[in-house]
Amino acid sequence: MSGVRLDRVSARDQADFLEAAGRSARLHAPWVTAPATPEAFRALVKRSREPANASYVVRHARTGALVGIFNISNIVCGSFHSAYLGYYAFAGHERQGLMREGLRLLLRTAFTELKLHRLEANIQPANAASIALVRSCGFQLEGYSPRYLKIRGRWRDHERWAILAR
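Residue numbers (full-length UniProt numbering): 1 to 166.
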């Protein structure tokens, strides 16, 4: 039996999400800034409904607690069928294997329902937990991008990890 479930993000997740994001700010720094206001959360939901994006919350199967989120962005079809992956766990659920289980579910969704051929995750080199997560699910290191993304006001280097549909 699965320990987590994967659901498309929706407006009904707002209260749980904002509470989890608030208590997780220290865990997320300096890697990511989660939406922390009702307006920012509504923008996430709206963006996830666009054809080029899909966001999924990971919930504990038994308790329903919000474990984390996966964001698939910049979905390009045609001859490319590729997208980018972003994600984060919420405090109290990190380092328990729950996000690994959620990522495996997400990969199944990405390669079957979304019909992607490739999914790429860009990760700051010092984020050992995030690198361990993608590595454990079959992502391969493809390269290094200096000053790739601006996070918390600074341009940050990233490693490029990717996985292909089988």
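No residue lacks a Cβ here, since even glycine has one placed at the ideal position from N, Cα and C.
Could you check the C-alpha separation between Arg118 and Ser82 for me, to the nearest Å? 5 Å
Can you tell me whether Tyr144 is buried or exposed? The criterion is at least 16 other CB atoms within 10 Å of its CB, across all chains shown. exposed
Inter-residue spacing [alpha-carbon to alpha-carbon] between Met1 and Arg100: Reliability fails at Met1, whose pLDDT of 45 lies under 50, so the model's placement of it is uncertain and no value is given.
Span separating the alpha-carbon of Pro30 from that of Arg152: 7 Å
Pull up the distance between the alpha-carbon of Ile123 and that of Arg62, whole angstroms please. 30 Å
Specify, as a first and last residue, the run of the alpha helix (DSSP H) that Val45 falls within. It spans Pro38 to Ser48 - the alpha helix (DSSP H) in which Val45 sits, taken as one unbroken run.
Reference Glu159, options Ser79, Ala15 and Ala132, closest by Cα: Ala132
Per DSSP, Arg5 forms a beta bridge with which residues? Arg59
Check each candidate in Ala40, Leu6 and Thr109 and name the one with the smallest Cα separation from His60. Ranking the options by Cα distance to His60, first place goes to Leu6.
With a cut-off of 8 Å on the beta carbons, I'd call Trp161 and Ala121 a contact; round off their distance for me. Between Ala121 and Trp161 the Cβ distance is about 5 Å, and since that is below 8 Å, they are a contact.
Mark Asn71 as exposed unless 16 or more other C-beta atoms lie within 10 angstroms of its C-beta, in which case mark it buried. buried
Local Cβ density within 10 Å of Phe80, reported as buried at 16 or more and exposed below that: exposed
Taking the DSSP output, what are the residues bridged to residue 169? Given that the chain is displayed from residue 1 to residue 166, the structure contains no residue 169 and the question cannot be resolved.
Thinking just about the alpha-carbon of each residue, which of Asp157, Cys137, Pro146 and Val4 is nearest to the one in Gly64? Ranked by how close their Cα comes to the Cα of Gly64, the residues Asp157, Cys137, Pro146 and Val4 have Val4 in first place.
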